[in-house]
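Peer 1: In my numbering, the protein residues as written are 2 to 305. Here a beta-carbon is modelled for each residue, glycine too, at the ideal position from N, C-alpha and C. Everything numeric in this text was worked out from a predicted model, so none of it was measured. Would you mind keeping the following structure in view while I ask a few things?
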């Protein structure tokens, strides 16, 4: 084995002089095939698309020579009005056909909370209604993301989304029936991506702090059960579990996630977590220690 390694190293070293003559240009980098394995569904929604969804779903309306907030958000929504998600709404609100390319999200640098507020409103599953209202909205988002992948030569991507969004898309259906329809939409999206040479897979990103009256063990187990549910009909569509939410919330101790993550691992799913979210690095090492035997990949450390 050592001889083989030395042989490979020698071959690489022999190529170095030739590689040094090739300029690593921006064009070469751009055309390289890429994998993007940490993608949040709302994060694929550009400010321009968020505006389109806002108009489509009645949150923004042209009235009396100005764009105004027309439809109310939930009282629990961190924004009072849909337009609050845009930093420069006032700059374009008096133009009937504004230049959407100048739109910016109202996100402060290095501020997780402002990012989280915008994503919650754009996505809408946490405090409905929000930007995503129905199948048509979801397919519009995937078509937009498909073009992003083609532009950036992404050939493999894993998109994180809370399966609970299904209950928002199909509020009149029993929850299990709603989830099955949701899985069908995601499968259709994966097939569309596949036709363009792109592998699209998903992670169930659940909120470990979504209900303060319970501990995190229940949502973790529920999230894994839904992975098993989708895998029985669309095997391989979901490849793992992800947890989000600040560990500073009551009952959101990483240790309470362990049994759910063990269940996910034993079922063949990947295990990831957003550790230290909103509270810097205090729980990073405890997350890695207790969940289970270091199986969790710490995918993002956030600061607030």
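Going by C-alpha to C-alpha distance, which of 208, 170, 227, 150 sits closest to residue 196?
Peer 2: Checking every option, the nearest Cα to that of residue 196 belongs to 150.
Peer 1: Straight-line CA distance for residue 11 to residue 29?
Peer 2: In a straight line, the C-alpha of residue 11 is about 25 angstroms away from that of residue 29.
Peer 1: Helix or strand or just coil, what does DSSP make of residue 202?
Peer 2: Strand.
Peer 1: Rounded to the nearest angstrom, what separates residue 205 and residue 78 at their Cα positions?
Peer 2: Approximately 22 angstroms between the Cα atoms of the pair.
Peer 1: Does the contact criterion of 3 or more C-beta pairs under 8 angstroms hold for the region 122-139 versus the region 39-50?
Peer 2: Touching, per the Cβ criterion.
Peer 1: Determine the DSSP secondary structure at residue 14, reduced to helix, strand or coil.
Peer 2: Reduced to three states, the DSSP call for residue 14 is helix.
Peer 1: What are the complete beta strand (DSSP E) segments, minimum 3 residues, inside the region 28-113?
Peer 2: Fully enclosed beta strand (DSSP E) runs of 3 or longer: 35-41, 61-63, 68-70.
Peer 1: Between the region 79-86 and the region 105-124, can you find at least three pairs of beta-carbon atoms closer than 8 angstroms?
Peer 2: With a cut-off of 8 angstroms, the region 79-86 and the region 105-124 count as touching, because enough Cβ pairs lie within range.
Peer 1: Return helix, strand or coil for residue 268, following the three-state DSSP convention.
Peer 2: Coil at residue 268, not helix or strand.
Peer 1: Assuming contact is defined by CB atoms lying nearer than 8 angstroms, are residue 112 and residue 35 in contact in what I supplied?
Peer 2: Taking 8 angstroms as the Cβ cut-off, residue 112 and residue 35 do not qualify as a contacting pair.
Peer 1: Consult DSSP for residue 213 and reduce its assignment to one of helix, strand or coil.
Peer 2: Bear in mind that a pLDDT of 44 at residue 213, under 50, signals an unreliable position, so the number given afterwards is only what the model happens to contain. Residue 213: coil per DSSP, three-state reduction.
Peer 1: With a threshold of 16 other CB atoms inside 10 Å of the CB of residue 165, please say whether the residue is buried or exposed.
Peer 2: By the neighbour-count rule (16 or more Cβ atoms within 10 Å), residue 165 is buried.
Peer 1: Specify, as a first and last residue, the run of the alpha helix (DSSP H) that residue 186 falls within.
Peer 2: That run of the alpha helix (DSSP H) goes 176-196.
Peer 1: Excluding the 5 residues flanking residue 183 on each side, which residues of the same chain have their C-beta closer than 8 angstroms to its C-beta?
Peer 2: The residues are 164, 166, 167, 170, 171.
Peer 1: Assuming residue 149 is part of the beta strand (DSSP E), what are its boundary residues?
Peer 2: From DSSP, residue 149 is part of no beta strand (DSSP E) but of the alpha helix (DSSP H) over 136-152.
Peer 1: Hey, residue 208 and residue 134: beta-carbon distance below 8 angstroms or not?
Peer 2: Their beta carbons are not under 8 angstroms apart, which means residue 208 does not touch residue 134 by this criterion.
Peer 1: Starting from the C-beta of residue 198, find all residues in its chain whose C-beta is less than 7 angstroms away, skip the five residues before and the five after it, and write them out in chain order.
Peer 2: Closer than 7 angstroms at the Cβ level, and outside the excluded window around residue 198, lie 156.
Peer 1: Taking its Cβ as the centre, do 16 or more other Cβ atoms sit within 10 Å of residue 73, making it buried, or is it exposed?
Peer 2: Residue 73 is exposed by the Cβ-count criterion.
Peer 1: So if DSSP puts residue 159 in a beta bridge, which residue, or which two residues, is it bridged to?
Peer 2: DSSP lists 202 as partners of residue 159.
Peer 1: So residue 128 is in the beta strand (DSSP E); what residue range does that whole segment cover?
Peer 2: Neither: residue 128 is in no beta strand (DSSP E) and is coded neither H nor E.
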